[in-house]
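A.B. asks: Quick one: the structure is below, and I'll ask about it shortly.
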Amino acid sequence: MKRIDFSNLKPGDIILTASNTATGRLIRLTTKGTVSHAMIYVQTGSIIDSTSEGVQSRNLQRMIFDEKENFYVFRTKTPLTDLQVRQVIDFARSQIGVRYSKMEAARTFWTRRKSRSNRQFCSRLVATSYAKTGIQIVPNEDYCSPEDLRRSSLLFELEHIEEKLTEQEATVWLNRPDPNDRMRQTHNYILSASRELDTSIEDFTSLTQYLVNHPESDDIVAKIYTDSGYLELYKPEYFDSIAHFDIGILESSTNTKTIEEIRTYCIQTIKEGYTGNLRFATTLAEYKRIQARHRRKTFNLLINLYEELVKLDQVRRETALQWLRSHFPADAATHLETIIPHSEIWLSIVEQVEPNLHALAKRTIAAGDIGGCSTCGDPARDYRLVNNAEAMPGVPSLRLCDDCVGIRRGYGEILEPF
1 MKRIDFSNLK
11 PGDIILTASN
21 TATGRLIRLT
31 TKGTVSHAMI
41 YVQTGSIIDS
51 TSEGVQSRNL
61 QRMIFDEKEN
71 FYVFRTKTPL
81 TDLQVRQVID
91 FARSQIGVRY
101 SKMEAARTFW
111 TRRKSRSNRQ
121 FCSRLVATSY
131 AKTGIQIVPN
141 EDYCSPEDLR
151 RSSLLFELEH
161 IEEKLTEQEA
171 TVWLNRPDPN
181 DRMRQTHNYI
191 LSASRELDTS
201 IEDFTSLTQY
211 LVNHPESDDI
221 VAKIYTDSGY
231 LELYKPEYFD
241 SIAHFDIGIL
251 ESSTNTKTIE
261 EIRTYCIQTI
271 KEGYTGNLRF
281 ATTLAEYKRI
291 QARHRRKTFN
301 LLINLYEELV
311 KLDQVRRETA
321 LQWLRSHFPA
331 DAATHLETII
341 PHSEIWLSIV
351 EQVEPNLHAL
361 AKRTIAAGDI
371 GGCSTCGDPA
381 RDYRLVNNAE
391 AMPGVPSLRL
401 CDDCVGIRRG
411 YGEILEPF
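Numbering (this note's numbering), first residue to last: 1 to 418.
This is the structure in structure tokens:
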């Protein structure tokens, strides 16, 4: 038994597999290739792909392969910028819930095609995620096969990506509760129920737009979300891993047997401390903007949910960082994700979560002083925004002058110099 070792994988990497299922063998026969499925690696241990369940997120650690099955990981020869990585992943996440289409996949092999539908299949999802950021890894992202991705001249194959498992280890992993499985079931419940209102609803974005256009359906959609369990989906995982949110419990569970496992977990957490679950903050900001123009009960429920998720994500990050600073301070200094204010990736994040701050920063940069204060333009230093969940959800850092630091600290912001 084996699985993919994701220790050296990076968000945006492309995973290709060759399963021994009848469908997998048929795809390889049709394409005269060696692979039959494609996925995008989006964060530690997590992928997004398109299967018969639609586009969903999955846990890579639970994907166990037998010795006859093969897998490969590819990366762009030209390294992606931080902004490009985020654009690739954001598009893939935006497709969650979109239905799978065997017919669209089959059209990959047709000479003449009708106009494409909005539905997805695995290689289209991967290729279009890259195409949306301007990277054309195949000639036609709408109709391509996993084998086309494997043969792309823009990609190279990673080595040493295999991790051996005993049957006992594989059984333990497969028997663990899978939060992603619950999430997939919940997503499918919401979208299936919503399609009874309008068959054109394809994903959560189109569901939101439907609710904007049909306020009379607000109570129905709110009930769908509530009945699905979506609003409390995070709670079982939270209670199962309560130590990750409480430094006292984490410290009490630290001993010679557990310290390396905890160390690895904490490093992985702070490496993606601000961008790993940035989607919580961007989704929260979007629902707040929509709610300001179109007041709905449903949007209010979702705002409350994402405010809680943003707070918990901050607690998890700071707990991991505090533990590392206590036990392995060099790891904390080396691995904490640092997003430099006024950088390309910083501006792209802030534009989504704090448009007013983005406008102020752009004005400072346009004046020719990229090193100036994000707020007023005066000479400044860079600070990590520790409690961004309460202060400005999603904003990872600020470039501030001494006066603005004093004002913001007076409002309760915790600012830690880089």
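All C-beta atoms in this analysis are idealised placements derived from N, C-alpha and C, irrespective of residue type, glycine included.
#1: If contact is defined by three or more beta carbon pairs under 8 angstroms, each pair taking one atom from either stretch, is the stretch 58-70 in contact with the stretch 123-130?
#2: Could you give the distance in angstroms between the alpha-carbon of Ala-333 and the alpha-carbon of Ala-193?
#3: Do Phe-6 and Leu-60 come within 8 angstroms of each other at the CB atom, strictly closer than that value?
#4: Would you give the residue range spanned by the alpha helix (DSSP H) that His-327 belongs to?
#5: With a CB to CB cut of under 8 angstroms and the five nearest residues on each side skipped, what residues in its chain are close to Arg-263?
#6: Is it the case that the stretch 74-82 contacts the stretch 10-19, given that we only count it when at least three CB pairs across the two stretches are under 8 angstroms?
#7: CB Ala-380 to CB Cys-373, shorter than 8 angstroms?
#8: Report, in whole angstroms, the separation of the C-beta atoms of Arg-62 and Ile-47, which I expect to be a contact under 8 angstroms.
#9: Taking its Cβ as the centre, do 16 or more other Cβ atoms sit within 10 Å of Thr-111, making it buried, or is it exposed?
#10: Under 8 angstroms by Cβ, that's how I've got Ala-285 and Gly-394 pegged, so tell me the actual separation to the nearest angstrom.
#11: Just to confirm my understanding: we take Ala-92, look at its own chain, exclude 5 residues before and 5 after, and list those with CB closer than 7 angstroms. What are they?
#12: Following a CB-centred definition, is Thr-338 positioned closer than 7 angstroms to any heavy atom of the ligand MG?
#13: Please work out which residues of its chain come closer than 6 angstroms, Cβ to Cβ, to Ala-38, disregarding the five sequence neighbours upstream and downstream, and give them in chain order.
#14: For Asn-387, which beta-bridge partners are listed by DSSP?
#15: Excluding sequence positions up to five away, which residues of its chain have a Cβ less than 8 angstroms from the Cβ of Ser-228?
#16: Can you tell me where the beta strand (DSSP E) holding Met-39 begins and where it ends?
#17: To the nearest angstrom, how far is the alpha carbon of Gly-97 from that of Arg-176?
#18: Closest to Ile-370 by C-alpha separation, out of Ser-343, Pro-79, Glu-318, would be which residue?
#19: Evaluate Arg-317 with the Cβ neighbour count: other Cβ atoms within 10 Å of its Cβ, from every protein chain shown; 16 or more gives buried, anything less gives exposed.
#20: Where does Asp-5 sit, in a helix, a strand or coil, going by DSSP?
#21: Going residue by residue through the stretch 146-233, where are the continuous beta strand (DSSP E) segments of at least 3 residues, counting only ones entirely within it?
#22: With H, G and I counted as helix, E and B as strand and the rest as coil, what does DSSP make of Ala-292?
#23: Take Ser-50 and list the residues in its own chain whose beta-carbon comes closer than 7 angstroms to its own, dropping the five residues that flank it on each side.
#24: Please give me, in chain order, every unbroken run of the alpha helix (DSSP H) with length at least 4 that falls completely inside the stretch 358-415.
#25: Would you kindly report the start and end of the unbroken alpha helix (DSSP H) that includes Ile-135?
#26: With DSSP run on the structure shown, which of helix, strand or coil describes Val-126?
#27: Taking buried to mean at least 16 other C-beta atoms within 10 Å of its own C-beta, is His-358 buried or exposed?
C.D. replies: Well, looking at it:
#1: no
#2: Here residue 333 corresponds to residue number 333 of the sequence shown, with the count starting at 1. Here residue 193 corresponds to residue number 193 of the sequence shown, with the count starting at 1. So the alpha carbons of these two residues sit roughly 47 angstroms apart.
#3: In the sequence shown, the residue the question calls residue 60 occupies position 60. In the sequence shown, the residue the question calls residue 6 occupies position 6. Contact: yes.
#4: Here residue 327 refers to the residue found at position 327 of the sequence shown. Taken as a continuous stretch (DSSP letters only), the alpha helix (DSSP H) holding His-327 covers 297-327.
#5: Residue mapping note: residue 263 aligns to position 263 of the sequence shown, counting from 1. Correct list, in chain order: Leu-324, His-327, Phe-328, Asp-331.
#6: yes
#7: Here residue 380 corresponds to residue number 380 of the sequence shown, with the count starting at 1. Here residue 373 corresponds to residue number 373 of the sequence shown, with the count starting at 1. Yes, these two residues count as a Cβ contact at 8 angstroms.
#8: Against the sequence shown, residue 62 aligns to sequence position 62. Against the sequence shown, residue 47 aligns to sequence position 47. Arg-62 to Ile-47, Cβ: 10 angstroms. No contact.
#9: Start at 1 with the first residue of the sequence shown, and residue 111 comes out as number 111. The predicted model places Thr-111 with a pLDDT of 48, which falls under 50 and marks its position as unreliable; any figure quoted below should be read in that light. Flag for Thr-111 reads exposed.
#10: The residue given as residue 285 occupies position 285 in the sequence shown. The residue given as residue 394 occupies position 394 in the sequence shown. Confirmed, Cβ separation roughly 7 angstroms.
#11: By 1-based counting over the sequence shown, the position of residue 92 is 92. So the list reads Ile-40, Val-42, Ile-48, Leu-125, Ser-129, once near-sequence residues are dropped.
#12: The ligand MG is absent from the structure shown, which contains no ligands of any kind.
#13: Here residue 38 is taken as the residue at index 38 of the sequence shown, counted from 1. Cβ within range, chain order: Leu-16, Cys-122, Ser-123, Val-126, Pro-146, Leu-149.
#14: Stepping through the sequence shown from its first residue, residue 387 is reached at position 387. None, per the DSSP bridge assignment.
#15: Position 228 of the sequence shown, counted from the start, is the residue given in the question as residue 228. Around Ser-228: Thr-186, Tyr-189, Ile-190, Ala-193.
#16: Sequence index remark: in the sequence shown, residue 39 carries index 39 (1-based). That run of the beta strand (DSSP E) goes 37-43.
#17: In the sequence shown, counting from the first residue as 1, residue 97 sits at position 97. In the sequence shown, counting from the first residue as 1, residue 176 sits at position 176. The straight-line gap from Cα to Cα measures roughly 24 angstroms.
#18: Taking the first residue of the sequence shown as 1, we reach residue 370 at position 370. Cα-wise, what sits closest to Ile-370 is Ser-343.
#19: As a first step, residue 317 is located in the sequence shown; it is residue number 317 there, counting from the start. It is buried - the Cβ of Arg-317 has at least 16 other Cβ atoms within 10 Å.
#20: Along the sequence shown, read from residue 1 onward, the residue named residue 5 stands at position 5. Reduced to three states, the DSSP call for Asp-5 is coil.
#21: 155-157, 162-164
#22: Position 292 of the sequence shown, counting from 1, holds the residue named residue 292. Ala-292 falls in the helix class under three-state DSSP.
#23: Here residue 50 is taken as the residue at index 50 of the sequence shown, counted from 1. Answer for Ser-50: Tyr-100, Gln-120, Phe-121, Cys-122, Leu-125, listed in chain order.
#24: Taking only runs of at least 4 residues, the alpha helix (DSSP H) segments lying wholly in the stretch 358-415 are 388-391, 402-410.
#25: As a first step, residue 135 is located in the sequence shown; it is residue number 135 there, counting from the start. Element bounds for Ile-135: n/a, residue is neither H nor E.
#26: For this step, residue 126 is matched to residue 126 along the sequence shown. Here Val-126 sits in helix by DSSP.
#27: On the sequence shown, position 358 is the one that residue 358 refers to. With 16 or more Cβ atoms within 10 Å of its Cβ, His-358 is classed as buried.
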